[in-house]
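> In this note's numbering, the protein residues as written are 129 to 1071.
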C-alpha cells in the first residue's frame, strides 16, 4: 500500500500550513486552488525540489561540484518519491538560433536524412548533380559497346585563358603524349599554335583504349590519374563523337557551383559550412530604416534627418549636407515629404558624382576635398560595423530594423545546402510546412527501396516526434519557427512532446498549467496525451485551473481556501466527484455550477466609431478586413494558430504605436489602419517580464515603493539621523548592502549550467545594511515590508491612502499573494501582465484610451478571473476600449463584441469566421468557439 502513494508529511514551504497528504502514484493528479494558495509550493517547491535533490545527492562528489547545492524543502518527510522532471512555462530559449526543430531535436534527424538520401540539384533548375566514384566511372566505360575507341582525358582548361606553353612543357616532362584542344587531338611533341589571349578548351589525354576484355585495371588507373589532375573531373571521348562527363564532386556542369560532400553539418545553420554567408544563419539582418531616420514633417534645416538633428551648424555632417544640397539644387527649407524621391535617395544613399567639399570645421580648420557624398544611411551602417563603442552601436541600433536576409530569404542556409532536395523540397521548404502538412508529406515520401532502407529509422523517428507535436495541439507550428517567438504554453507543450518521445517510465512529471494558450478544441487532445504518459507507468502532477482537465483527472487536490497567508491548507482531495461534493471547496462549487461567472444582462453599445483594418495579410491572415468598435470589451478568439496574435499584436498594436509613438517596430502586412483619430493612448499589457534582474520587483514597477520610501524618510528616527528617501533605495550607495550591491543575492557563474543566485551572506537577502534596517515603521523595517505579500502590505498601510490605493488595485487584479519585493524573473507571464495592468490603473482612463491584452487569465483560478473581469468592466465603463486575445469562455461570454478567427490553425486559418456578440458567435456552425460557447450559454439559461 505504501508503494502506491507519494506520502508527504509536514510540508511547510512558503505558505503551506504543515500539510500532510498521500498522492496516488501512476495517476493523473491535478492540483488546483486560487492563485497564490500554495499549489506551486506543494507541486514544484516541495515534490519536484525534493526529487531533484535526491537525484543530485546520488551523484558523485565531482559531478556535484558543478551543480551547486539543492536546498532541502521545508518538509518533514516524503516517501515513495520517484525521479522527478519539471515541465514549466519558462520560455524555451531566447537564442535567435533556436527553432522548434532544434528544440525538439527533429531537425537533427532531418539533417541526417538529407545528408544520406538527399539529391543535389543545380540552383534554380530540376537538373540533378551526380557524383561518381572511380569504381562507378570505370564500370560505365567498361559497359560501352565492345571495340569502342575511348580517350580518357583530364579536363585541365575549360573555356579559359591559359599559359599553354608552360603547361605543354610540364606535361611532356611527365611523359604524356597527346592533348585535346578545341575539338582536335594533337601530339605534344608537335608544334602547336594556341592563342593564349583567348579562351580555349584543353584536355590532357591520359590514355587511349579499345574497349575489350582485360582492360579493367588499365581503365581504372587512367581514370584515377585523370581525376587527380583535374580536381575530380574526367572526360571520356567515345569514338571521337560523344563525351561522357564524370566528377568525383557535386559540381553543376558549366558553372563553378560546387556542393561539398553531403554531411549533416552542411544542413546546420549553426556551422560555417551550412550557414548563409550574409546573415550567418540567423535568417535576418539589422538594417537602417528610412522611416526611423526621417521626420517627414520637417525640413532638412529644421532636423528632418533625426540622427543629425542635435548637430551644431558647423559640424561636418551638416556642412557636407549643405554643400550636397547646393550641388544638386535641393531646397533645405522644403518639408522633406515634398522632396523628389530621387533627391531624397542622394541624401540617404550618396552621390555618384564627385563633389568639391570646402568648409571650416568648428575648430576653425579649413577642409578641402573632392569626393562622393557617402549618404546618411551608408554612413550609419559603416559606423555600426567599424565602431568599438558600445554606446555608438546602441545609438545606431535605434535607427535599425530587423529585416529578412536578402540572400537566403530567411532560410538561414547557404545555396549549397538549399540545393539538396528530397521529393522536390529542400530542407528549408521541408521545415517551413506546418506540422499537420509535414506529417502528410513524410508519410508520402517518394523514395526508392535503397533510399527507404537507408532512411527508415530516421524517418520513423521524425514521424513519431511530429505525431507527438500534433497530439499536444501544436499542429499549426512549423519547425523553422524561432523558439523565442513561442508563448509560455507552446514552449511547455513542446517540452511535453519531447518527454513523450523519450518514453521514460516510473517518473514523476510535474507540469505547470499545460492548457495555457489552448483552445477548448485542442484541450481534449492534450488531456489524451497526458493520459498516455500516465498509462506507460508515470505519475503526473499537474497544476491546473482548466475545468476539463480537472474533471478528466484521476485525483484532484484543492489547496486553499484563499491566497497567501489565508491559503496553504488542503481544502479537498479525492476524485473530481468527491471534491465537487465538498462544501468547503470553492473549486468544487465552480465545477458543479453553484458558483459561476454570470453572463451580463446587457451588452455595451459603444461610441459608434470603429478602428478599421483593411487587407490584413500578416503571417497566415487571408487579406481580411476587421472592425474594432470603440467603447466596448472586445475579445478576439479562435483556435491556436488561427491568426489572433497576427491581427491584434502585429497589425493593430504595432500600427497604433507607430502612429502615435513613432516606434521602430514595423506593423504587420496590411493595406489600411484607420482609427478616425479617436485614440490617443495605447496601453499594451503583455506577458513579457517586468525586468530581467533581481532588482526589478512589483513594488518598484508599480511605483508604490517610492511612496513607501517617502513614509520611512518621515519617521522620527530617520529624520534624527538625517536619512533622506534615497537611503531606503537598494539601488543607491548609503543604505544598500555593498557586499551584494543591493541585489540581496549573488550570481554564481556555473561551468556549463545556467547562472545560480545564492543569498548574500552579509545582508542575508535583505538588500540593506544594518543601519538602514534600524529604521522601523510600526516595528517593521523597509526589508520586512518588501517581504510582505501585497494583501499583508495593504492592511499594514491602510491609514496611508496613497499607498493603500495602489496596493488595493494590485489586490483587485488578483496579485494579493505575491510579495512586494519578489524578483521579476520569478514572476510568471500572467503575473507580470497583471503587475503592468495594475500600474496603468492608477492613471487617468479616457474614452480615447485602448488597452490591448494577450491571454490575461493565464494562471488564474475561475474565482480570480471573476475578480479580474470586474476590473476589465470598470475600465470599459470608464470609457476606454479593451481588446483581449482569449480562449477562456468565461471571458468570451462577458464580451460586448467577439471576432472569431479560424476555422483551423496555420495555413487552414486566417479567416474571420464570425463577429458580433457571444450569442451571435454561438449561432455560427463553422465556429469551434461557437460550438463550446453554445454549451456554456445554454447551461447558463438552464440554471
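Beta carbons are placed, not taken as given, at the ideal position from N, Cα and C, and that holds for glycine.
With residue 474 as the anchor, note down where its alpha helix (DSSP H) starts and where it stops.
The residue you call residue 474 lines up with position 346 of the chain shown. Note, residue 474: alpha helix (DSSP H), 469 to 477.
> Below 7 Å CB to CB, which residues in the same chain sit around residue 837 once its five sequence neighbours on both sides are set aside?
Counting from 1 along the chain shown, the entry for residue 837 is found at position 709. For residue 837, where only same-chain residues beyond five positions count, the Cβ hits under 7 Å are 853, 856 and 857.
> May I have the straight-line CA-CA distance separating residue 820 from residue 893, to the nearest angstrom?
In the chain shown, residue 820 corresponds to position 692, counting from 1. In the chain shown, residue 893 corresponds to position 765, counting from 1. Residue 820 and residue 893: Cα-Cα distance of roughly 18 Å.
> Under 8 Å by Cβ, that's how I've got residue 686 and residue 715 pegged, so tell me the actual separation to the nearest angstrom.
Stepping through the chain shown from its first residue, residue 686 is reached at position 558. Stepping through the chain shown from its first residue, residue 715 is reached at position 587. Going by Cβ atoms, the distance from residue 686 to residue 715 rounds to 5 Å, so yes, they are a contact pair.
> Could you check if residue 945 is buried or exposed, using at least 16 other CB atoms within 10 Å of its CB as the buried criterion?
Position 817 of the chain shown, counted from the start, is the residue given in the question as residue 945. Its Cβ being crowded by 16 or more others within 10 Å, residue 945 is buried.
> With a cut-off of 8 Å on the beta carbons, I'd call residue 643 and residue 677 a contact; round off their distance for me.
As a first step, residue 643 must be located in the chain shown, where it is residue number 515. As a first step, residue 677 must be located in the chain shown, where it is residue number 549. Sure, about 6 Å apart at Cβ, within 8 Å.
> Could you tell me the distance, in whole angstroms, from the CA atom of residue 219 to the CA atom of residue 541?
Here residue 219 corresponds to residue number 91 of the chain shown, with the count starting at 1. Here residue 541 corresponds to residue number 413 of the chain shown, with the count starting at 1. Confidence in residue 219 is poor, its pLDDT being 47 and thus under 50, which makes the residue's placement unreliable; the coordinate value appears in the next sentence. Their backbone Cα atoms lie some 25 Å apart in a straight line.
> How many angstroms separate the CA atom of residue 941 from the CA atom of residue 183?
Translated into positions along the chain shown, residue 941 becomes position 813. Translated into positions along the chain shown, residue 183 becomes position 55. About 39 Å.
> Have a look at residue 543 and residue 251 and give me their C-alpha separation to the nearest angstrom.
Working through the chain shown from its first residue, we reach residue 543 at position 415. Working through the chain shown from its first residue, we reach residue 251 at position 123. Rounded to the nearest angstrom, the two C-alpha atoms are 7 Å apart.
> What separation, rounded to the nearest whole angstrom, lies between the Cα atoms of residue 215 and residue 638?
Taking the chain shown and counting its residues from 1, the one referred to as residue 215 is at position 87. Taking the chain shown and counting its residues from 1, the one referred to as residue 638 is at position 510. Rounded to whole angstroms, residue 215 to residue 638 spans 6 Å at the Cα level.
> Rounding to the nearest angstrom, what Cα-Cα distance links residue 247 and residue 155 in this structure?
The sequence position of residue 247 within the chain shown is 119, counting from 1. The sequence position of residue 155 within the chain shown is 27, counting from 1. Answer to the nearest angstrom: the Cα atoms are 48 Å apart.
> Mind pulling the alpha helix (DSSP H) runs of 4 or more residues that sit fully within the stretch 492 to 522?
DSSP runs (the alpha helix (DSSP H)) wholly in the stretch 492 to 522: 504 to 514.
> With a 10 Å radius around its C-beta and 16 neighbouring C-beta atoms as the bar for buried, classify residue 613 as buried or exposed.
As a position in the chain shown, residue 613 is number 485, starting the count at 1. Exposed is the call here.
> Can you check which of these residues, 202, 1020 and 828, is closest to residue 963 by C-alpha distance?
Taking the chain shown and counting its residues from 1, the one referred to as residue 963 is at position 835. Cα-wise, what sits closest to residue 963 is 828.
> Given residue 343, which residues of its chain have a CB within under 7 Å of its CB, disregarding the five upstream and five downstream residues?
Here residue 343 is taken as the residue at index 215 of the chain shown, counted from 1. Contacts found: 337.
> For residue 918 and residue 934, what's the separation of their Cα atoms in angstroms?
The residue given as residue 918 occupies position 790 in the chain shown. The residue given as residue 934 occupies position 806 in the chain shown. Whole-angstrom Cα-Cα distance: 10 Å.
> By the DSSP assignment, the beta strand (DSSP E) with residue 423 in it spans what residues?
Taking the first residue of the chain shown as position 1, residue 423 is located at position 295. Run containing residue 423: none; DSSP gives neither H nor E here.
> Leaving out five residues on either side along the sequence, give the residues of the same chain with a beta carbon under 6 Å from the beta carbon of residue 1051.
In the chain shown, counting from the first residue as 1, residue 1051 sits at position 923. Nothing meets the Cβ criterion.
> Out of curiosity, what's the CA-to-CA distance linking residue 1061 and residue 1010?
In the chain shown, the residue the question calls residue 1061 occupies position 933. In the chain shown, the residue the question calls residue 1010 occupies position 882. Rounded to whole angstroms, residue 1061 to residue 1010 spans 21 Å at the Cα level.
> Could you give the C-beta distance for residue 684 and residue 701, rounded to a whole number, given that I count them as a contact under 8 Å?
Translated into positions along the chain shown, residue 684 becomes position 556. Translated into positions along the chain shown, residue 701 becomes position 573. The Cβ separation is near 7 Å, so the contact holds.
> From 1044, 993, 1008 and 141, pick the residue whose C-alpha is nearest to that of residue 1019; which is it?
Here residue 1019 corresponds to residue number 891 of the chain shown, with the count starting at 1. Measuring from the Cα of residue 1019, the nearest candidate turns out to be 993.
> Pop quiz: residue 1025 and residue 1057 are said to be a contact at Cβ under 8 Å. What is the actual Cβ separation, rounded to whole angstroms?
In the chain shown, residue 1025 corresponds to position 897, counting from 1. In the chain shown, residue 1057 corresponds to position 929, counting from 1. That pair is no contact at about 13 Å.
> Considering only the beta carbon of each residue, do residue 814 and residue 1033 sit closer than 7 Å?
Here residue 814 is taken as the residue at index 686 of the chain shown, counted from 1. Here residue 1033 is taken as the residue at index 905 of the chain shown, counted from 1. No.
> Helix, strand or coil for residue 641, going by three-state DSSP, please let me know.
Working through the chain shown from its first residue, we reach residue 641 at position 513. Residue 641: coil per DSSP, three-state reduction.
> When burial is assigned at 16 or more other CB atoms within 10 Å of the CB, is residue 482 buried or exposed?
Taking the first residue of the chain shown as 1, we reach residue 482 at position 354. Exposed, because fewer than 16 other Cβ atoms sit within 10 Å of the Cβ of residue 482.
> Suppose the cutoff is 6 Å on Cβ atoms and the five residues either side in sequence are ignored; what does the same chain contact list for residue 625 look like?
Here residue 625 refers to the residue found at position 497 when the chain shown is read from its first residue. 596, 597 and 600, listed in sequence order.
> Give me, in chain order, the residues of the same chain whose beta-carbon lies closer than 6 Å to that of residue 881; leave out the 5 immediate sequence neighbours on both sides.
As a working note, residue 881 is residue 753 in the chain shown. With a pLDDT of 49 at residue 881, under the threshold of 50, the modelled position of this residue cannot be trusted; read the value that follows with caution. Once the five neighbours on either side are set aside, residue 881 has no close Cβ partner at all.
> Name the DSSP beta bridge partners of residue 443, please?
To locate residue 443, count along the chain shown from 1; it is residue 315. Looking at the DSSP assignment, residue 443 forms no beta bridge with any residue, so it has no partner.
> Hey, residue 439 and residue 445: beta-carbon distance below 7 Å or not?
Residue mapping note: residue 439 aligns to position 311 of the chain shown, counting from 1. Residue mapping note: residue 445 aligns to position 317 of the chain shown, counting from 1. Against a cut-off of 7 Å, the Cβ pair of residue 445 and residue 439 comes out as a contact.
> Secondary structure at residue 916, three-state DSSP: helix, strand or coil?
Looking up residue 916 in the chain shown gives position 788. Correct three-state label for residue 916: coil.
> Considering only the alpha carbon of each residue, which of 959, 938 and 991 lies closest to residue 982?
Within the chain shown, residue 982 is the residue found at index 854, counting from 1. It is 959 whose Cα lies nearest to the Cα of residue 982.
> With respect to the beta strand (DSSP E) encompassing residue 757, which residues constitute its N-terminal and C-terminal limits?
If you number the chain shown from 1, residue 757 lands on position 629. 752 to 757 is the extent of the beta strand (DSSP E) around residue 757.
> Hey, how far is the Cα of residue 879 from the Cα of residue 211?
In the chain shown, counting from the first residue as 1, residue 879 sits at position 751. In the chain shown, counting from the first residue as 1, residue 211 sits at position 83. The predicted position of residue 879 is uncertain, since its pLDDT is 49 and thus under 50; a value taken from the coordinates is nonetheless stated next. About 24 Å.
> Would you identify the three-state DSSP class for residue 166, choosing helix, strand or coil?
On the chain shown, position 38 is the one that residue 166 refers to. Looking at residue 166 - three-state DSSP - the assignment turns out to be coil, as it is neither helix nor strand.
> Among residues of its own chain, excluding the 5 on either side of residue 531, which ones have a beta-carbon nearer than 7 Å to its beta-carbon?
In the chain shown, residue 531 corresponds to position 403, counting from 1. If we look at residue 531 and ignore the five residues flanking it on each side, its Cβ neighbours are 412, 413 and 415.
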